[in-house]
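Peer 1:
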Amino acid sequence: MANPPPDASRTLLEELQQSRPFRSPGQEAILGIARTASLLNRFTAALLAPEGISGSQYNVLRILRGAGEAGLPTLAIRDRMIDPAAAITRLVEKLYDAGLVARDRGDGDRRQVVCRINEAGLALLARLDPAVAEAEETIAGACSEAELRQLSALLTTIRRSVG
Numbered sequence: 001m002a003n004p005p006p007d008a009s010r011t012l013l014e015e016l017q018q019s020r021p022f023r024s025p026g027q028e029a030i031l032g033i034a035r036t037a038s039l040l041n042r043f044t045a046a047l048l049a050p051e052g053i054s055g056s057q058y059n060v061l062r063i064l065r066g067a068g069e070a071g072l073p074t075l076a077i078r079d080r081m082i083d084p085a086a087a088i089t090r091l092v093e094k095l096y097d098a099g100l101v102a103r104d105r106g107d108g109d110r111r112q113v114v115c116r117i118n119e120a121g122l123a124l125l126a127r128l129d130p131a132v133a134e135a136e137e138t139i140a141g142a143c144s145e146a147e148l149r150q151l152s153a154l155l156t157t158i159r160r161s162v163g
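Per the working numbering, residue 1 is the first one in the sequence shown, and the count goes up by one each step.
Okay, here's the thing in structure tokens:
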């Protein structure tokens with residue numbers, strides 16, 4: 001498992017090596033969210049690297065596992081992704097080439113590609129699930145349950161204001 005970043009006592013100003021104070025609490029919060037997202041992405045990448053997949057590919061596999069045998073059209077997968085800006089066609093192509101997903105044309109609309117996770121994809125997720133759960137617990141363990149609920153609520157408020 002990847003290790004969390006060292007020296008958690010540093011402030012955001014120190015991490016960003018910024019000599020001037022933030023313009024506002026809002027700027028500090030937004031930069032803090034961006035910095036945290038970057039750290040989490042690197043942490044996740046290190047966790048997934050031994051299996052040869054990216055965070056976005058992992059996200060697609062989890063979405064398809066949740067979709068069950070029916071699978072999902074490519075654009076529906078993109079709509080459910082953590083980062084919907086990712087190039088979904090290329091992500092699915094890589095997963096298909098790696099033998100982790102199946103895909104076929106939709107019944108009603110032949111232009112539509114329906115993707116399904118296959119046994120190899122399910123096996124990969126089964127191997128990753130324990131390490132991912134442990135990493136999530138380690139990261140979330142820095143906060144109490146009440147703090148995590150408050151954080152989730154605050155992040156929802158921010159997402160609604162920009163989405």
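In this text, a Cβ means the ideal position worked out from N, Cα and C, and glycines have one as well.
When the Cα atoms are used, what is the spatial distance from R78 to G55?
Peer 2: Between R78 and G55, the C-alpha separation is close to 14 Å.
Peer 1: How about the segment 46 to 62 and the segment 122 to 133: do they share at least three Cβ pairs that are nearer than 8 Å?
Peer 2: At 8 Å Cβ cutoff, the stretches touch.
Peer 1: Taking E15 as the reference, which of T138, S38, I82, R149 has the closest Cα?
Peer 2: It is S38.
Peer 1: Compare the Cα-Cα distances from P73 to each of D104, N59, R65, I82 and report the closest residue.
Peer 2: For P73, the nearest C-alpha among the options comes from D104.
Peer 1: Under a three-way DSSP split, which group does L16 fall into?
Peer 2: Here L16 sits in coil by DSSP.
Peer 1: What three-state label does DSSP hand P174 in the structure shown?
Peer 2: The shown model of the chain, from 1 to 163, leaves out residue 174, and the question about it has no answer.
Peer 1: Hey, L64 and I117 are a contact pair by Cβ (cut 8 Å); roughly how many whole angstroms apart?
Peer 2: With a Cβ gap of about 4 Å, L64 and I117 count as contacting.
Peer 1: Please report the residue range of the beta strand (DSSP E) in which A102 lies.
Peer 2: Here the beta strand (DSSP E) through A102 covers 101 to 105.
Peer 1: Mind checking whether E51 and L124 have CB atoms under 8 Å apart?
Peer 2: Cβ atoms of E51 and L124: closer than 8 Å.
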